[in-house]
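According to full-length UniProt numbering, the sequence shown is numbered sequentially starting from 1.
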Amino acid sequence: MYARLRGSGPVARSGGYGGFWALTRHADVAAAAADPVTFISSVRAVVPSDPRGLRRPPLNYDAPAHTPYRRALDRTLQRARIARLEPRLREHAARELTPLVERGGGDVAQEFGARFPAWVTTEWLNLDPELAPELAGTAARWVRAWRALDREVVDETSERMYGIARDLVRDRRERPRPVAEDPASSLLAERPDGRPLAEEHIVGALRQCLVVGLVAPPILLGSICVHLSRHRELQSELRARPELLPAALEELLRLYAPYRGFARTVSKEIELHGRRIAPGEPVTLVYASANRDEAVFPDPDTFVMGRPNIAAHLAFGRGRHACAGMPLARLSMRIALEELLRRTSAIEVSGPVESARMPELGAVSVPLRLRPA
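Dropping the structure here:
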């Protein structure tokens, strides 16, 4: 469908979810993502939206309001800190993978794919380790309810995550940590225009952090495992040459970006490819389509190790709202795949694969048979 739209309707209109536009060509998606003046995030940032219509920084903010939140989070995601997290993340991955390996299989997306990212978030935010299992379960229930627009369960699970965020802010006010090591402390230390950020917005930013790192990884890992199951030669190559994993992961990110795309609205009426878009109308930037645009990536539906222009993929977005956690996401996914391949001799899909609904794209349930190494 996306290929047809790129060819004949690159600015498409859907009546679903209240109506929205979809940009499907790489050039248009990349240009819109890099133009935060025309394509703003403060009205709609995703389709479908949270059924309660809440706006949390930094995703739902435009500059300059967006900037201090993003600066505070970026401060805690520098290369040196990410490197220090690697040994602990590897321990968590090995432990959470063990039950699947010992049983000879399981649902890699719903089990390992949900639990390991909860530990990644716990380590990054310096949460109490006892919260990790609860966080994994709560976030999974929240995202299922959000996809189904189940307001009651969304409210219940979201409030629990807000409670975790409030407790975190309360603790860091009393016992602050180094700002380069702790997102809550970093947010509390920000002083735009000489004034601290509002506590409700700090809590909202941390609440968003509790979710963003738990929605995409299970889908990405599930989709990658489906691909590896279908391409046994790639499994063998990556087991024999694990140094190829970073390059392989970039191509897999291009193919299986777990979000169809985020949304914007325009600040003024624009015309694009003969279509007029008015302010207030959601415009989705379809990263999943852009990443398979044949005008940018020859043979776009095929895995090609070492594509010379792989850095052009948009799996993490682009511009001011590009994913802040991309270095942590790359590290954690590499660790997950290294551990999975190291401890198995074969990965095989063993049952029906369940696909995600809007706005995600990929596999949310992937039963695997794992042959031990």
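Each residue gets a CB set at the ideal place from its N, CA and C atoms; glycine is no exception. Note that the structure is predicted; figures quoted are calculated from it, not measured.
When DSSP labels each residue in this structure, what does residue i get in the three-state scheme?
i	result
Gly222	helix
Thr157	helix
Leu77	coil
Ala216	helix
Tyr61	coil
Leu127	coil
Ser49	coil
Glu294	coil
Glu181	coil
Glu354	strand
Arg318	coil
Cys209	helix
Phe303	coil
Asp193	helix
Gly325	coil
Pro308	coil
Leu244	helix
Asp171	helix
Gly280	coil
Pro68	helix
Met1	coil
Ala34	coil
Ile117	Position check: residue 117 holds Pro in this sequence, whereas Ile was assumed. Three-state DSSP puts Pro117 in a helix.
Asp150	coil
Arg44	coil
Arg239	helix
Pro133	helix
Arg254	helix
Ala198	coil
Pro176	coil
Arg56	coil
His227	helix
Report the CB separation of residue i from residue j in whole angstroms; it is logged as a contact under 8 Å.
i	j	result
Ala139	Leu238	Actually they are not in contact, since the Cβ atoms of Ala139 and Leu238 sit about 29 Å apart, beyond 8 Å.
Val258	Gly113	Position check: residue 258 holds Pro in this sequence, whereas Val was assumed. Going by Cβ atoms, the distance from Pro258 to Gly113 rounds to 11 Å, so no, they are not a contact pair.
Leu331	Glu86	6 Å
Thr284	Trp119	About 31 Å separates the two Cβ atoms, so there is no contact after all.
Arg13	Arg25	The pair is not a contact, with the Cβ atoms about 15 Å apart (cut-off 8 Å).
Arg320	Ala31	Incorrect: roughly 14 Å between the Cβ atoms, too far for contact.
Ala363	Ser350	No, Ala363 and Ser350 are not in contact; Cβ-Cβ is about 13 Å, not under 8 Å.
Val143	Cys225	Not confirmed; about 19 Å, so no contact.
Pro68	Pro192	4 Å
Tyr190	Ala72	For the sequence presented, residue 190 should be read as Glu rather than Tyr. Contact flag correct, Cβ pair sits at about 5 Å.
Leu228	Gln235	5 Å
Pro188	Arg172	A quick correction: the sequence has Leu, not Pro, at residue 188. So it is a contact: roughly 6 Å between Cβ atoms.
Pro10	His313	Not a contact, Cβ separation roughly 18 Å.
Leu221	Ala132	Rounded, the Cβ-Cβ distance is 17 Å, inconsistent with contact.
Per DSSP, residue i forms a beta bridge with which residues?
i	result
Phe39	Val266
Arg371	Ala346
Asp107	Pro367
Tyr259	Glu360
Leu23	Val11 and Leu285
Leu272	Arg275
Glu96	DSSP, once it has assigned bridges, lists no residue as partnering Glu96.
So, is residue i buried or exposed, given that buried needs 16 or more other C-beta atoms within 10 angstroms?
i	result
residue 375	Since the first residue shown for the chain is 1 and the last is 373, residue 375 is missing from the structure and cannot be characterised.
Arg207	buried
Met161	buried
Val29	buried
Leu59	buried
Thr265	buried
His66	buried
Thr98	exposed
Glu294	exposed
Arg371	exposed
Pro282	buried
Pro352	exposed
May I have the straight-line CA-CA distance separating residue i from residue j, to the nearest angstrom?
i	j	result
Arg88	Arg95	11 Å
Val43	Ala263	9 Å
Gly325	Ile82	10 Å
Thr76	Glu181	5 Å
Arg170	Ile310	43 Å
Thr302	Leu252	10 Å
Ala198	Gly137	29 Å
Glu243	Arg334	11 Å
Asp155	Tyr287	29 Å
Tyr2	Glu91	40 Å
Leu23	Arg357	19 Å
Glu102	Pro117	20 Å
residue 387	Glu360	Absent from the model: residue 387. The displayed extent of the chain is 1 to 373, so no value can be given.
Pro298	Pro183	40 Å
Tyr61	Ala33	14 Å
Leu127	Ala373	34 Å
Glu134	Ala247	34 Å
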